[in-house]
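Residue numbers (UniProt numbering): 17 to 434.
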Amino acid sequence: AERRYVAGNPRSERRFREAGAVLPGGNTRTSLYYAPFPVTFVAGEGQFLTDLDGHRYVDLLGEYSAGLYGHSDPRVLAAVRRVLDEGLSYGGPNNYEVELARTITERFSSVELLRFTNSGTEANLFAIGTARAVTGRSKVLVFESGYHGGVLSFRGEAPLNAPYPYLVCDYNDVPGTLAAIQRHRDDLAAVILEPMLGGGGAVPATAEFVRTIREATARHGVVLIVDEVMTSRLAPGGLQERLGVVPDLTTFGKYLGAGFSFGAFGGDRRLMERFDPSVPGSLSHPGTFNNNTVTMAAGLVGLREVFTPEAVGELNARGDRLRDRLNALFAEFGVAVQATGVGSILGLHFQRSPIVSGRDIDPAPDKRALLHIELMLRGFYIARRGYLALPLPVTDADLASFVDAVGDVVATHRRVLR
Ligand code: PMP
Numbered sequence: 017a018e019r020r021y022v023a024g025n026p027r028s029e030r031r032f033r034e035a036g037a038v039l040p041g042g043n044t045r046t047s048l049y050y051a052p053f054p055v056t057f058v059a060g061e062g063q064f065l066t067d068l069d070g071h072r073y074v075d076l077l078g079e080y081s082a083g084l085y086g087h088s089d090p091r092v093l094a095a096v097r098r099v100l101d102e103g104l105s106y107g108g109p110n111n112y113e114v115e116l117a118r119t120i121t122e123r124f125s126s127v128e129l130l131r132f133t134n135s136g137t138e139a140n141l142f143a144i145g146t147a148r149a150v151t152g153r154s155k156v157l158v159f160e161s162g163y164h165g166g167v168l169s170f171r172g173e174a175p176l177n178a179p180y181p182y183l184v185c186d187y188n189d190v191p192g193t194l195a196a197i198q199r200h201r202d203d204l205a206a207v208i209l210e211p212m213l214g215g216g217g218a219v220p221a222t223a224e225f226v227r228t229i230r231e232a233t234a235r236h237g238v239v240l241i242v243d244e245v246m247t248s249r250l251a252p253g254g255l256q257e258r259l260g261v262v263p264d265l266t267t268f269g270k271y272l273g274a275g276f277s278f279g280a281f282g283g284d285r286r287l288m289e290r291f292d293p294s295v296p297g298s299l300s301h302p303g304t305f306n307n308n309t310v311t312m313a314a315g316l317v318g319l320r321e322v323f324t325p326e327a328v329g330e331l332n333a334r335g336d337r338l339r340d341r342l343n344a345l346f347a348e349f350g351v352a353v354q355a356t357g358v359g360s361i362l363g364l365h366f367q368r369s370p371i372v373s374g375r376d377i378d379p380a381p382d383k384r385a386l387l388h389i390e391l392m393l394r395g396f397y398i399a400r401r402g403y404l405a406l407p408l409p410v411t412d413a414d415l416a417s418f419v420d421a422v423g424d425v426v427a428t429h430r431r432v433l434r
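This is the structure in structure tokens:
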């Protein structure tokens, strides 16, 4: 399969070799690299991507969940064109930021006040900073395989972490987490939690795990930060709504910027009020592009007109059906593969044993590479690590052909995948 991939992508390969002269690894985002070389894209339209050698793919990666609206939603494009005509970068307040803030607070009920940033990483850094400033405590509890940004990654690759003292607990480990919160309660500023491990393998939190953390943090005055950068698309009010948890702070990113650089952190009024600069001793949160009009206007139209609560429900139901169909197919072929996740976000893993934390996941790099390359050869783009985030324009027919393609790959490599 890899030989066919290399033979079919000479232009991408050449571009990759040339790029390595100025970009270590040939591009500027670690997660985009895969062996032998990633294809370079030149166009996107709706649910489709086109690469340098002219292949067309159904895009099931959806820009790691940020590309939820697809590549050319007419409502988003119209909003952006209007902003381009109005003028860029005013260096002062604008109307779009207020409207987007209001729309987000209406949608996510735990968020009373919020601030925008340029990425999810930045949103998490500010949320943690807020917790440390407000509590006067230093430590942060994180979870193994959690991902909160390039400098807030606990997935086991060599980290470049922000300089806070961290405690790491296992995901979904109720007694271990409870004990750690109790042991460190006097010095613990925050617990930061993904309500589903996203980059860590699409592993949902149990309701009991989330409830225990909420109770213990409230009891000890620890700020609970729920990172919904990836998961806020999984219910109209975010995965926190589905889990029935009210965090102190929530962080956002990805699709809420409708494809443009975006992040936000917000929550409890008493915490977020600390950012009011008219009050002496307020916390500082500048940032040149925090209110950039392109992101604000695109995000606003996306949330108001494209990703309506009905659209949220339909897309997640489609994701659930796809997961069920894939798992039925794996059972039918008797292969040790499983699809995890919630709604429109899916993880594919090469094992039968249950996955409740990042430690349970078999990395199976060769099988992941095999499935990824075979699917690309059949016109489907997913992440090498087996991650999918369905974009809205993907149709039931696209998903039916995807299931057929997976079935074809599984049938071809049944012995390897058994
Ligand atoms: N938190 C989570 C849960 C994420 O999935 C990501 C991005 N994959 C981030 C934070 C970081 O967001 P960004 O890439 O915009 O910095």
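Glycine included, each C-beta is placed from N, C-alpha and C at the ideal position. The structure presented is a predicted model; accordingly, all values stated were derived computationally and were not measured.
First through last residue of the beta strand (DSSP E) which encompasses residue i
i         : result
Leu433    : Where Leu433 is concerned, there is no enclosing beta strand (DSSP E), although the alpha helix (DSSP H) it sits in stretches over 430-433.
Leu65     : 64-67
Gly269    : 265-269
Asp101    : Per DSSP, Asp101 belongs to no beta strand (DSSP E); it is in the alpha helix (DSSP H), 90-102.
Val184    : 182-185
Leu287    : It is not in any beta strand (DSSP E) - Leu287 instead sits in the alpha helix (DSSP H) that spans 285-288.
Leu250    : Leu250 -> no beta strand (DSSP E), and no H or E assigned at all.
residue 7 : Since the first and last residues shown for the chain are 17 and 434, residue 7 lies out of range.
The alpha helix (DSSP H) enclosing residue i, as first and last residue numbers
i      : result
Asp75  : Premise fails: Asp75 lies in the beta strand (DSSP E), 72-75, not in any alpha helix (DSSP H).
Thr193 : 190-199
Gly335 : 325-349
Tyr21  : 18-24
Phe57  : First-last for Phe57: 57-61, but that is the beta strand (DSSP E), not the alpha helix (DSSP H).
Ala234 : 223-235
Thr133 : Note, Thr133: premise wrong, no alpha helix (DSSP H); beta strand (DSSP E) at 129-133.
Phe120 : According to the sequence as given, residue 120 is Ile; it is not Phe. From DSSP, the alpha helix (DSSP H) with Ile120 extends over 111-123.
Bridge partners - residue i, DSSP secondary structure assignment
i      : result
Asp414 : Partner(s): none; Asp414 has no beta bridge.
Lys155 : Leu204
Ala355 : Leu364
Ile389 : Answer is none; Ile389 lacks a bridge partner.
Leu404 : Leu362
Val38  : Answer by DSSP bridge pairing: none, since Val38 is not bridged.
Phe305 : According to DSSP, which records beta bridges pairwise, Phe305 is partnered with nothing at all.
Tyr49  : The partner list for Tyr49 (beta bridge, DSSP) is empty, contrary to what the question assumes.
Val310 : Val310 pairs with nothing; no bridge assigned.
Phe142 : According to DSSP, which records beta bridges pairwise, Phe142 is partnered with nothing at all.
Tyr397 : Asp75
Pro220 : Met212
Tyr163 : Ser169
Simplified DSSP assignment, three categories, for residue i
i      : result
His365 : strand
Ser169 : strand
Gly279 : strand
Ile371 : coil
Leu316 : helix
Asp420 : helix
Phe291 : helix
Leu209 : strand
Pro296 : coil
Val425 : helix
Ser28  : helix
Thr44  : coil
Tyr80  : helix
Gly136 : helix
Pro381 : helix
Leu272 : helix
For residue j and residue i, the rounded distance between their alpha carbons
i           : j      : result
Ala380      : Gly145 : 37 Å
Leu408      : Asn177 : 34 Å
Gly214      : Val425 : 25 Å
Gly107      : Phe142 : 21 Å
Gly386      : Thr56  : Gly is not the amino acid found at residue 386; the sequence shown has Leu there. Roughly 19 Å separates the two Cα atoms.
Asp378      : Thr428 : 22 Å
Gly273      : Ala313 : 9 Å
Pro52       : Lys155 : 40 Å
residue 435 : Leu287 : Outside the shown range of the chain, which is 17 to 434, sits residue 435, and nothing can be said about it.
Phe268      : Ser161 : 19 Å
Phe323      : Ala218 : 21 Å
Tyr403      : Leu342 : 14 Å
Ser294      : Ser300 : 11 Å
residue 13  : Gln198 : It is not possible to answer for residue 13, since the shown part of the chain is limited to 17 through 434.
Ala347      : Asn140 : 39 Å
Gly62       : Gly335 : 18 Å
Ala327      : Phe276 : 20 Å
Ala117      : Arg131 : 8 Å
Near ligand 3: residue i beta-carbon under 7 Å from a heavy atom
i      : result
Arg368 : This structure lacks ligand 3; its bound ligands are ligand 1.
Strictly closer than 6 Å from CB to any heavy atom of ligand 1: give me those residues in the order they appear in the chain. Cβ atoms closer than 6 Å to ligand 1 belong to Tyr80, Ser135, Gly136, Thr137, Asn140, Tyr163, His164, Gly165, Glu210, Gly214, Gly215, Asp243, Val245, Met246, Gly269, Gly279.
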